[in-house]
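For the sequence shown, position 236 (counting from the first letter as 1) is numbered 239 according to our numbering, and the numbering increases by one without interruption.
All residues carry an ideal CB built from backbone N, CA and C; glycine is no exception.
None of the values given here were measured: they were computed from a predicted structure.
This report concerns only the one structure given below.
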Amino acid sequence: GKDVTILQNLLLRSKYVDPIGTSGAYDKPTSKAVAQFQQGNKLNSTPGVFDIATASLVLKQLMYDGYHDDGTIPKGYKFKLYIPVYADRTKETNATLYDNQHKPIYTFIVRCHGSMDLETGMAVNQLTTNGNTPTGLMSFDLNSPEPNHKSFGPFPVVRAVEGIKGNAAIGRDAENTFLPYYRDGLLLHTGEWANWNASMPMPNSNGCIHAHPADLKRVDDILTHDLGVAVRPNPFKGISYPYKPQGLLSIEQLDGRIKS
Numbered sequence: 004g005k006d007v008t009i010l011q012n013l014l015l016r017s018k019y020v021d022p023i024g025t026s027g028a029y030d031k032p033t034s035k036a037v038a039q040f041q042q043g044n045k046l047n048s049t050p051g052v053f054d055i056a057t058a059s060l061v062l063k064q065l066m067y068d069g070y071h072d073d074g075t076i077p078k079g080y081k082f083k084l085y086i087p088v089y090a091d092r093t094k095e096t097n098a099t100l101y102d103n104q105h106k107p108i109y110t111f112i113v114r115c116h117g118s119m120d121l122e123t124g125m126a127v128n129q130l131t132t133n134g135n136t137p138t139g140l141m142s143f144d145l146n147s148p149e150p151n152h153k154s155f156g157p158f159p160v161v162r163a164v165e166g167i168k169g170n171a172a173i174g175r176d177a178e179n180t181f182l183p184y185y186r187d188g189l190l191l192h193t194g195e196w197a198n199w200n201a202s203m204p205m206p207n208s209n210g211c212i213h214a215h216p217a218d219l220k221r222v223d224d225i226l227t228h229d230l231g232v233a234v235r236p237n238p239f240k241g242i243s244y245p246y247k248p249q250g251l252l253s254i255e256q257l258d259g260r261i262k263s
């Protein structure tokens, strides 16, 4: 299934593992790859059995995708939003909006922290539903506002449509990428948050990108008035997205790989 496909993609990043397919089946090559990962890391686990200790170490060592923004925007796109993040998503960072010549237009604070695991008190990882915002390159498009203004604010939202590189693009193949087929509904949005003001950190989301209300309004104004981006009627999903995305979203983790 999908969880196995994610595991196979992560194992391919390990220096101990021979190349394997990403079929989603826990087959003999996958079991062998798990055993190689366990042996290379000197885990005291049953070889080839994907137990809790193995899973924890896979997430710790192999979650980082190595994606780096290339400082360009391909022809055909009207804008790009670049967001640097850290493994610790409690750290809010500055996002930069670029035009189609890769000229910086506007910089603003964002929060890419997903939901919390109520049992462990830890942030849910980015390859899990409602976890931290996934890293990588994605297509991005301006949609009409969400109906729930308390949760999403009254302004147009920007939707991440499909993964192109990095964790956002892992999957069975190029036609079956993490975004949107494993995880969908990733937006740049704001909210009408109770007891919040702009001097405070923003609340966590379910994996979306949170921005201050004034900043999202400014971004929407720049996109529509300065960069010629159309507000598409909101389809409320990225799967079978009915429009050609007008922009790109680039999310890069700055603090990189955790050494084994």
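Inset, instruction - Throw me the rounded Cβ distance for the Val160 and Glu149 pair, which I believe falls under 8 Å. - result: 6 Å
Legend entry - Within 8 Å, strictly: CB atoms of Gly139 and Asn179: No, these two residues do not count as a Cβ contact at 8 Å.
Inset, instruction - Indicate the three-state DSSP secondary structure (helix, strand or coil) for Leu14 in the structure shown. - result: helix
Legend entry - Proximity of Leu100 and Ile225 at Cβ, strictly below 8 Å: Remark: C-beta atoms of Leu100 and Ile225 approach each other more closely than 8 Å.
Inset, instruction - Starting from the C-beta of Tyr80, find all residues in its chain whose C-beta is less than 7 Å away, skip the five residues before and the five after it, and write them out in chain order. - result: Asn103, Gln249, Gly250 and Leu251
Inset, instruction - Name the residue from Ala177, Leu14 and Leu182 whose alpha carbon lies nearest to the alpha carbon of Tyr244. - result: Leu182
Legend entry - Given 8 Å, three or more beta-carbon pairs between the segment 21-35 and the segment 78-96: no
Legend entry - Backbone secondary structure at Thr33 - three-state DSSP: helix
Inset, instruction - State the start and end residues of the unbroken alpha helix (DSSP H) segment that holds Val222. - result: Pro216 to Asp224
Legend entry - Short Cβ contact (8 Å threshold) for Ala201 with His192: Contact annotation: Ala201 and His192 have beta-carbon atoms that are not nearer than 8 Å.
Inset, instruction - Quick one: grab the DSSP three-state call for Ser263. - result: Here the model assigns Ser263 a pLDDT of 43, short of 50, so the residue's position is not dependable, and the following value carries that caveat. In this structure, Ser263 counts as coil in the three-state DSSP scheme.
Inset, instruction - Could you please give the first and the last residue of the uninterrupted beta strand (DSSP E) stretch that includes Thr99? - result: Thr96 to Asp102
Legend entry - Buried/exposed call for His116, threshold 16 Cβ in 10 Å: buried
Inset, instruction - Determine the DSSP secondary structure at Asn146, reduced to helix, strand or coil. - result: strand
Legend entry - beta strand (DSSP E) runs contained entirely in the segment 171-255, provided each spans 3 or more residues: Within the segment 171-255, the complete beta strand (DSSP E) segments at least 3 residues long are 190-192 and 212-214, listed from N- to C-terminus.
Legend entry - Pairwise C-alpha distance: Gly27 and Val7: 5 Å
Legend entry - Separation of Asn198 from Arg175, as counted between CA atoms: 43 Å
Legend entry - Helix, strand or coil at Lys106 [DSSP, three-state]: coil
Legend entry - Exposed unless 16 or more other CB atoms sit within 10 angstroms - verdict on Ile242: Around the C-beta of Ile242, fewer than 16 other C-beta atoms lie within 10 Å, and the residue is accordingly described as exposed.
Inset, instruction - Could you name the residues that DSSP lists as bridge partners for Pro87? - result: Glu255
Inset, instruction - For my contact list, Leu46 and Ala56 are in at a C-beta cut-off of 8 Å; report their separation, rounded to the angstrom. - result: 6 Å
Inset, instruction - Would you mind sorting Asp54 into buried or exposed? The rule is 16 or more other CB atoms within 10 Å of its CB. - result: exposed
Inset, instruction - Please state whether DSSP places Leu46 in a helix, a strand or coil. - result: coil
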